[in-house]
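Chains as they are written, first to last, in this note's numbering: chain A, 1 to 630; chain B, 631 to 970; chain C, 971 to 1176; chain D, 1177 to 1283. Each residue gets a CB set at the ideal place from its N, CA and C atoms; glycine is no exception.
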Amino acid sequence: MSVNAHSLSQPKQNSGFFSWLWEWLSTVDHKKIAILYLFGGGLFFLIGGIEAMLIRIQLAVPENTFLVGHNYNEVITMHGTTMIFLAAMPFIFALMNAVIPLQIGARDVAFPFVNALGFWLFFMGGIILNLSWFLGGAPAGGWTAYAPLSSEFLGNGMDFYVLGLQVAGAGTLMGAINFLVTIVNMRAPGMTFMRLPLFTWTVFITAVLILFAFPALTVGLFLIFFDRLFDANFFNEANGGNSIIWEHIFWIFGHPEVYILILPAFGVISEVIATFSKKRLFGYSSMVFATILIGFLAFMVWVHHMFTVGLGPSANTIFAIATMAIAVPTGIKIFNWIFTLWGGQITFNTANLYAVGFIPTFVMGGVTGVMLAVPTADFQYHDSYFVVAHFHYVIVGGLIFGLFSGFYYWWPKMFGRHLNETLGKINFWLFFIGFHLTFFFQHFLGLMGMPRRYFTYLKGEGFDAFNMVSTIGAFLMFFAVIVMLINIAYSAVKGEKAKGDAWEQGRTLEWSIASPPPEYNFAQTPLVKGIDAFWKEKMDGKDKMTAAEPVGDIHMPSSSIVPFLMSISLTIASLGFIFSAHDGVRKPALFVAGAGVVLFFLCMLARSIKDDPGFHIHKEEVIETEKGVR
Amino acid sequence: MKKWRLSLRLFPLFAIALLLSGCGKEGLSTLIPMGTVAKEQADLMLFSLLIMVLVMVVVIVLFTYAIIKFRKKRGQEDFIPKQVEGNAKLELLWTIIPIILLIILAVPTISKTFAHSDTHVAKGDDVIKVKVTGHQYWWEFEYPDQKIKTAQDLVIPTGKKVVVELTSKDVIHAFWVPALAGKIDANPGQTTSLWLDADKEGTYKGRCAELCGSSHALMYFNVKAVSPDEFKQWSKDMKDGPSAPTTASAKKGEQIFKNNCMSCHAVGEKGGQTAPNLSNFADRENIAGFKEHNKKNLKAWIKNPGKIKPGAEMPSFEDELSDDQINALADYLFSLSVKK
Amino acid sequence: MSSVKDNVTALPLHPEKSTLEGKNKFLGFWFFLGGETVLFGTLFATFVALRHQTSGGPAAEDIFGMPLTFLSTIILLTSSLTSVFAIMAMRDNSLGRMQLWFWITVILGLAFLGLEITEFTEYMHEDLGYTTSAFSSAFYTLVGFHGCHVLFGVVWISTLMIQSFKKGITTVTAPKYYVASLYWHFIDVVWVFIFTVVYLLGILGG
Amino acid sequence: MATKQSETTMYIQKQQRKREMQHYLVSFGLMIIFTLLAFGTVMIDGIPKHFTSFFIVTLAIVQVLFQLYYFMHLKDKDHGFPTLFIFSGALVAFITVLTFVSIVWIS
Ligand code: HEA
Ligand code: HEA
Ligand code: CUA
Ligand SMILES: [Cu+2]
């Protein structure tokens, strides 16, 4: 794929499958990690999507017996958990890894080793979670895992939930710290904060939210873990525990989580719309301000998920007002996008179709969010299909549209080949229409009294027609995703080769280098002179960035298998803990768990003792590589 | 408050739109409210919907105009649009207008939220208090003032304020009667409350709205609103208990019941408290909260409750009792009426 | 960036932040501490919510003793100072002095752990087991989390010190020493709240 | 020339270190005093509980600020981001604690 710069400085490994595998298992290159995240997340997205299809098949007709009771609960739990933690989050990390270092003019991320570790932890966390299907049943407490159902009443599946998320969450946290430091410390000369591309800004704030939200989840999961495995009493009312504690902890994490998801999508939309309108982003500074404000407010509103818990009208209204306030900065963004389009020269390719489709769809989900923020009205909406409709509008119609837009937009940069536009447009329209068919009518189902997480509804409750429509819509989405898979395969074989400035109107730094970028990204660190640095240079009649340094040797980190080994050891530890819940094998299982933990720390020690000197790509090699580019 | 009442006049428009798409079934839908709380909630829902439709219209009009007017036209490929940085006035405009809209929404939000949470009412004739306990997967209703215990069917008088106090014996459940009022959670070890009333006599569907296990979806109950007089009569009858069985089969059933079922179920005062009280079983609307109320379903239930409600706490009696015995049990249970 | 050997003689004023790698480590570690703040905040919150839920078991005022807590506190505070001295020595490029102060820090840390373990075993004998009540679970979890941090710090600093014999103080190792000392201070920060909120307020019965 | 410059810097550095040392010792002394005060107030009977609680929590916060600003050098330049992030974390933690003392127990 990328030009291989190893040849001189690193001993060449035997070619063949194993060296290929080794390369991917041990890579610390952010561009390769991006691809790993993309395919890892993609795998789980397909699994989560299949689970969604199972849900829709069960609900297509009343009193269906396709998936009943506990099995249905397993499927919705795994659908929600998989989609949020194992599909959406890694997709976001895929784009972060692929784009952020390039957008800020950096050769790498701050901690390449940690970056790889983050990926492998996420991936193994996902594996742990999904192993539950084969080892005694999946978690069935909903993705919110309310105690005491999750802590006392459900079986082994919940242990997979707890440990899978714990491992994946640790990976996410590391990734966030890595990108925070990268953005603060590794910007090219002249790339001030107020010149950062908006995607980088949104990722920065997302990483901040991760940093402060995930530790709460970590604690919450530990509490459930201790309740389940060591008979602690956090949620055990008989010994003085309190199940509402879990709800608070979960949502103190959970609400910021939904903005963690949507902010990068906002960033993608900002980039794509500006690029394909051939205009700079309207109101850049207010966009930045709005992003920060959303990030701040994200921590002040979580109780809107708990209006019906009975916290009393004072708490409810305070949090209601705070929730409504988020509509204001979000609105600023919406209108700024519309006015970026305004007066532009808009190209409608697939990337931009998704971006443009995002706007009305997300607003639709956003305004139902504001409706939900009215506490006494939420007493009616809560845990009904109205909520399901709301969050799929913001998540699928917002986040997934944004991510797909980003994939179509940056695919050429990541892989050096374009995706096919015709297939892309079929994909978009199928997905767009299917999406609205699936979820629009769910608003009415909710208002008509259909609660969520119901594995069935009765004949004569009047829910039949809308549910059927919804299922049909889901099938359209299913076909849309198949088309997308075909497109990816097609592109890999026959896709049009991409130029460095793949869309010919790229504005930011990533378009100033080859597609895919060489291992070292920038032969010379660019000098940034303003917002939309590359566009600026092009307007000045140049086709390359002004360099901030002469060509020289480039220092690179060496690859390492240790991150992979570390996540394997945590997987072993997790499985040990999970099986320690079975009476017969408690002792040996705990022993395995301990061994896993020890192994993990040994890996850490090894890493600490052996400094990574890295290696250099020599000047001549760089010049040679760059020649082939244009 | 007056202001938003005024704008309610515009609602026929939206009401029509909603009607076209179907409001759902009477007695089940939040859009056909039958009690004070549900009505005010529906008003508030529609009022907020109005604001949201306004926002949507503005966004969609601007958006559609922009993407049609400014799409790339043939022959202008080299055109480079003006690189506008922003516009302070416009940006201020779309900061302030949403704030105003939200303030308009916040006012009724606050007042109604407080009003609907106000369950601290003086004891009196006009207030009925019910203690509700959620169990996996059934509802227990206790009237502390009337000293009655029942299950699955909540009987209330029309026109009176009913204060519901909730708790749970196991996991978190939520009590929801869409046509009468919004929901509130039943938390183990803690008490929450809500109030509701019903304008009209009739049966309203209630359901559990918090994931509580395998049969969360089947944790239905009924709210039967009757006239105040009827309610008084009913509560007196309930205290007297069901009339004794008369037929031979039912008497036989009573015996079987005593031997097999009393450890969990109570009839009248006597019996276990871990399962629904069956004193007025024959007067119920449904079996197990949602199945049609007939002997066939009852027998199926006794034979294998888990088949009807996955994960139900009641054991299967398929192998314990013969068909004859189950027939007798059914006769007995169908004789359990407090109606005179 | 530059090769390791150049720095043997002259060490920059802030060796922990003189290279990009060092700066990254420094900043990344502070961010990590920001996250840890939330982690402990959540644990504290849980403890505070459950502090009266003794469920028939012993309550805080029944078992906590002042002298032990006071001793632990002084030990940990002092260790914070010694790790500051270690960093000063590091900046003076004085390997021996740095090692000395860090080893003292480690020993104080071990002493603290020893006290904590005796304390816990004592409570166990007074029927405050981990599963006794919501209060006991929350107490052991919060204080135990902190204890694990101390343990980790002790191991971490020890391995660094063992390595330091071979590697000395360079722009590569300095950030590691510095970051480890930050971690140690943070442990102390958390302890200040633990002794105040858990022990003193517990004894007060507030 | 080069030596002269490094000599002056050396001198400045030395002075700085001396000052720093003073800071450390003073902060440490204060921290010990705060600790003593906290334990003392709890030991003395007859002080209203509310006051004691408020007082010792305040002492803890002040002591931690010393720890952060002097021992962990937040007062030095180049500590903008660390300061911002630590206090953001503290804010989230504070809101969490506030919630858990106020609205976790329903009636
Ligand atoms: C990407 C994810 C995402 C996003 C961005 C949002 C955004 C918002 N959400 Fe949503 N939400 C979820 C994901 C998300 N949500 C999920 C997953 C759940 C369910 C979890 C579960 O229970 O499983 C949920 C549930 C949920 C609830 C709880 C419902 C319940 O369970 O009873 C509430 C209540 O207040 C709410 C509110 C909001 C609000 C006010 C916004 C706002 O941020 C929206 C702001 C945007 C706009 C308002 C549109 C643009 C603005 C304008 C055009 C300006 C003018 C507008 C006005 C004046 C109104 N959400
Ligand atoms: C990122 C988040 C995300 C995404 C993308 C989705 C996507 C979808 N969701 Fe999801 N959903 C949630 C997050 C998400 N959901 C959450 C958090 C819940 C709450 C869970 C809970 O209650 O705890 C939920 C709950 C939920 C429910 C409610 C269940 C209930 O309450 O009973 C429903 C019902 O319709 C539903 C449907 C769908 C559908 C049809 C899609 C579609 O958009 C999916 C489209 C994708 C596909 C159709 C994939 C196609 C797959 C292939 C093409 C495979 C090909 C295979 C090979 C080649 C191997 N979801
Ligand atoms: Cu009870 Cu759901
Ligand atoms: Cu939310």
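### For A:Thr347, the nearest candidate out of B:Glu884, B:Phe700, B:Gln766 and B:Glu670 (CA to CA)
B:Phe700
### Task
Kindly examine ligand 1 and report whether one of its heavy atoms sits closer than 7 Å to the Cβ of A:Asp383.
Taking 7 Å as the cut-off, one finds at least one heavy atom of ligand 1 near enough to the beta carbon of A:Asp383.
### Message
Please classify B:Pro808 as buried or exposed, where buried requires at least 16 other C-beta atoms within 10 Å of its C-beta.
### Response
buried
### Task
Specify whether the region 1122-1140 of chain C and the region 1032-1039 of chain C touch according to this definition: at least 3 beta carbon pairs, one from each stretch, less than 8 Å apart.
With a cut-off of 8 Å on Cβ pairs, the region 1122-1140 of chain C is not in contact with the region 1032-1039 of chain C, counting fewer than three such pairs.
### Task
List the residues that DSSP assigns as beta-bridge partners of A:Val268.
Paired residue(s): none; A:Val268 is not in a bridge.
### Query
What separation, rounded to the nearest whole angstrom, lies between the Cα atoms of A:Leu403 and A:Pro90?
11 Å
### Query
In angstroms, rounded to a whole number, what distance separates the CA positions of A:Gly530 and C:Leu1083?
One C-alpha to the other measures close to 55 Å.
### Query
Sorry if obvious, but does the Cβ on A:His70 come closer than 7 Å to a heavy atom of ligand 3?
No; taking the cut-off as 7 Å, the Cβ of A:His70 has no heavy atom of ligand 3 nearer than that.
### Task
Output the boundary residues of the beta strand (DSSP E) element that contains B:Ala804.
His803 to Val807
### Task
Using only alpha-carbon positions, find the residue among B:Lys799, B:Ala958 and B:Gly836 that is nearest to B:Gly764.
Checking every option, the nearest Cα to that of B:Gly764 belongs to B:Lys799.
### Under 7 Å from the C-beta of D:Val1280: neighbouring residues of chain A
Asn242, Ile244, Ile245 and His248
### Query
Bridge partners of A:Trp384, per DSSP?
According to the sequence displayed, residue 384 of chain A carries Ser and not Trp. DSSP output for A:Ser384 lists A:Pro451 as bridge partner(s).
### Query
When DSSP builds the beta bridges, which residues end up paired with B:Cys838?
B:Phe805
#### Entry: Straight-line Cα distance separating C:Leu1152 from A:Phe632
Chain A is shown only over 1 to 630; residue 632 of chain A falls outside these bounds and no answer can be derived.
### Task
Check whether the Cβ of A:Val75 sits closer than 7 Å to any heavy atom of ligand 1, and report yes or no.
Incorrect: A:Val75 has no Cβ contact closer than 7 Å to ligand 1.
### Where D:Gly1205 meets chain A, residues with beta-carbon distance less than 7 Å
Under the 7 Å cutoff, chain A gives no residues; its nearest Cβ is about 33 Å from D:Gly1205.
### Message
Using a Cβ-Cβ distance cut-off of 8 Å, determine whether B:Ala905 contacts chain A.
### Response
no
### Task
From the DSSP output, in three-state form, read off A:His582 for me.
A:His582 sits in coil when the DSSP states are folded into three classes, being neither helix nor strand.
#### Entry: Closest by C-alpha distance to A:Leu209, when choosing among C:Glu986, C:Val1008 and C:Pro1145
C:Val1008
### Task
Using beta-carbon positions only, say whether A:Phe319 and B:Gly812 come within less than 8 Å of one another.
no
#### Entry: A:Val301 beta carbon near ligand 4 (any heavy atom closer than 7 Å)
yes
### Message
With a threshold of 7 Å (Cβ to nearest heavy atom), would A:Met450 be considered close to ligand 2?
### Response
Remark: the shortest separation between the CB of A:Met450 and any heavy atom of ligand 2 does not fall under 7 Å.
#### Entry: Those residues which DSSP pairs with B:Asp815 across a bridge
B:Ala804
### Query
D:Tyr1246: beta carbon under 7 Å from a heavy atom of ligand 2?
no
### Message
Checking 8 Å against the spacing of the C-beta atoms, do B:Val757 and B:Val794 come in under that value?
### Response
no
### Message
Nearest by alpha-carbon distance to A:Gly126: which of A:Gly105, A:Ala88, A:Tyr490 and A:Gln103 is it?
### Response
For A:Gly126, the nearest C-alpha among the options comes from A:Ala88.
### Task
Tell me, please, which residues DSSP counts as bridged to B:Leu826.
Beta-bridge pairing links B:Leu826 to B:Val792.
### Query
Got a sec, what are the start and stop residues for the beta strand (DSSP E) D:Asp1252 sits in?
Careful: D:Asp1252 lies outside any beta strand (DSSP E) and carries neither H nor E.
### Task
May I ask whether a heavy atom of ligand 6 can be found less than 7 Å away from the beta carbon of B:Pro728?
Because ligand 6 does not appear in the structure shown, any question about it cannot be addressed here, the ligands present being ligand 1, ligand 2, ligand 3 and ligand 4.
### Query
Along the chain, where does the alpha helix (DSSP H) that runs through A:Pro329 open and close?
Ala327 to Leu341
### Query
Beta-carbon of B:Pro945 versus every beta-carbon of chain A: anything under 8 Å?
So no, B:Pro945 is outside the interface.
### Message
Counting only C-beta atoms, is B:Ser678 closer than 8 Å to chain A at any point?
### Response
yes
### Message
Shorter than 7 Å, the distance from the beta carbon of A:His392 to the closest heavy atom of ligand 3, or not?
### Response
Outside the cutoff, so no.
### Task
Evaluate contact between the region 359-375 of chain A and the region 731-747 of chain B, counting only Cβ atoms and requiring at least three cross-stretch pairs below 8 Å.
yes
### Query
Of all Cβ atoms in chain B, is any one closer than 8 Å to the Cβ of A:Pro139?
no
### Query
Just checking my contact of B:Leu908 with B:Leu966 at CB under 8 Å: how many whole Å lie between their CB atoms?
B:Leu908 to B:Leu966, Cβ: 6 Å. Contact.
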